[in-house]
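Peer 1: Questions regarding the structure given below will be posed in turn.
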Amino acid sequence: MTFWDHLDALRAVLLRCGVVVIVIAVVAFGFRDELFDILLAPKESDFCIYRLFRVFSELPNFHVELINTALARQFIIHMQISFAAGVVVASPYLLFEVFRFIAPALYPNERKAMLPAIGVSYLMFIVGSLVNYFVIFPLTFRFLGTYQVSADVPNMITLDSYISTLISLTLAFGLVFEMPVVCWILGRLGILTAPMLRAVRRHAIVVILVVAAIITPTGDPVTLFLVSCPIWGLYEASIFLLPTHKPNQPNQPISTPS
């Protein structure tokens, strides 16, 4: 195929992907109540993670009221969330179209390796997003939404702030959960090995605790533990997936005759 033929094929792929996303987004637009019931559930004191915490400790009920400060902002957010839902629901098809477009340029062994890598990467992103939705974001929102420097300064949290924080944390944790996949790729390229990560494990644990404390600044050791454990588990999983030595290098050093 010529350059222009490839360009026409890419345009056809983008057109099909765009049509699928728009159709699903239009359907999702009609399910406004269901969409926002899911998105706004973590702000309620009867959310599942809060009920779980009440099993082990006394966790008082709380109520945070969201407000809107712009005339058309709620409608715009509705459209944005519908489009995001379209992308999320259509993401398996989008990945399929992208893979089908680039597959002819790959060798057979590269196609065999790339297909499971894409599947695992997508699965890990979904798992990270769910961990954020059910654990990280609710705990963060509860702390920041109810925190006051003084009783004379009430919190007035906008819907825009709530949605943007939820989306940004979801993307962040989705990317964090790509750690094993990235390490596996670096290992296949000969850049990273398991002994390298083992050598800096103590430093990595400190960094993980600091990151967990920044993400969920509740001051609660239980929350810190819940946030840091998945990240630490991903680090250990990355060590397990990495080779013990770089390619084309022996496991043991070769001794030279004296």
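In terms of my numbering, the sequence shown opens at residue 1 and continues consecutively. Here a beta-carbon is modelled for each residue, glycine too, at the ideal position from N, C-alpha and C.
(1) Less than 8 Å between C-beta atoms, sequence neighbours within five positions excluded: which residues of the same chain meet that for Trp4?
(2) Among Asn61, Asp33, Ile231 and Asn68, which has the Cα closest to the Cα of Asp160?
(3) Using only the alpha-carbon positions, how far apart do Ile118 and Phe96 sit?
(4) Taking the alpha carbon of Val64 as the reference point, which residue from Leu224, Phe143 and Ile214 has its own alpha carbon closest?
(5) With a CB to CB cut of under 7 Å and the five nearest residues on each side skipped, what residues in its chain are close to Arg32?
(6) In three-state DSSP terms, what is Thr140?
(7) Anyone know if the C-beta pair for Pro230 and Val131 falls short of 8 Å?
(8) In three-state DSSP terms, what is Leu231?
(9) According to DSSP, what are the bridge partners of Leu66?
(10) I'd like the list of long-range same chain contacts for Asn61, defined as Cβ closer than 6 Å, with 5 residues on each side in sequence excluded.
(11) Report the CB separation of Ala85 from Ala25 in whole angstroms; it is logged as a contact under 8 Å.
(12) Which term fits Phe177, buried or exposed, when burial requires 16 or more other beta carbons within 10 angstroms of its beta carbon?
(13) Hey, does Asp8 have any beta-carbon neighbour from chain B nearer than 8 Å?
(14) Do Ala237 and Leu224 have their C-beta atoms within less than 8 Å of each other?
(15) Once DSSP output is grouped into helix, strand and coil, what is the label at Ser150?
(16) Below 8 Å, how does it come out for the region 17-24 and the region 91-109: are there three or more Cβ pairs, yes or no?
(17) Grouping DSSP H, G and I as helix and E and B as strand, with all else coil, what is Pro250?
(18) Comparing alpha-carbon positions, which option in Val227, Ala41, Pro243 and Val149 lies nearest Ile191?
(19) Need the endpoints of the alpha helix (DSSP H) that Lys43 sits in, please.
(20) Please return the same chain residues whose Cβ sits closer than 8 Å to the Cβ of Val181, not counting the five positions on each side in sequence.
(21) Looking at Ser82 and Ala41, is the spacing between their C-beta atoms short of 8 Å?
(22) Please report how far the alpha carbon of Leu59 lies from the alpha carbon of Pro154, in whole angstroms.
(23) Ends of the alpha helix (DSSP H) at His78?
(24) By Cβ distance below 8 Å, which residues in the same chain neighbour Arg111 in space, the five residues on each side in sequence not counted?
(25) Assuming the contact rule is C-beta atoms closer than 8 Å, Gly145 and Ile163 should be a hit. Round their C-beta distance to whole Å, please.
Peer 2: Taking the structure as given:
(1) none
(2) Asn68
(3) 10 Å
(4) For the set Leu224, Phe143 and Ile214, the Cα lying nearest the Cα of Val64 is the one of Phe143.
(5) His78
(6) Thr140 falls in the helix class under three-state DSSP.
(7) yes
(8) Rather than Leu, the amino acid found at residue 231 in this sequence is Ile. Three-state result, Ile231: helix.
(9) Ile157
(10) Same-chain partners within the cutoff: Ser45.
(11) 7 Å
(12) buried
(13) In the displayed structure, chain B is absent; only one protein chain is listed.
(14) no
(15) coil
(16) yes
(17) At Pro250 the pLDDT is 48, less than 50, meaning the model places this residue with poor confidence and gives no usable figure here.
(18) Pro243
(19) It is not in any alpha helix (DSSP H) - Lys43 carries neither H nor E in the DSSP assignment.
(20) Ala117, Val120, Ser121 and Met124
(21) Not a contact, by the Cβ cut-off of 8 Å.
(22) 21 Å
(23) Unbroken alpha helix (DSSP H) run through His78: Arg73 to Ile102.
(24) Ala103
(25) With a contact defined as Cβ atoms closer than 8 Å, Gly145 and Ile163 miss out at about 14 Å.
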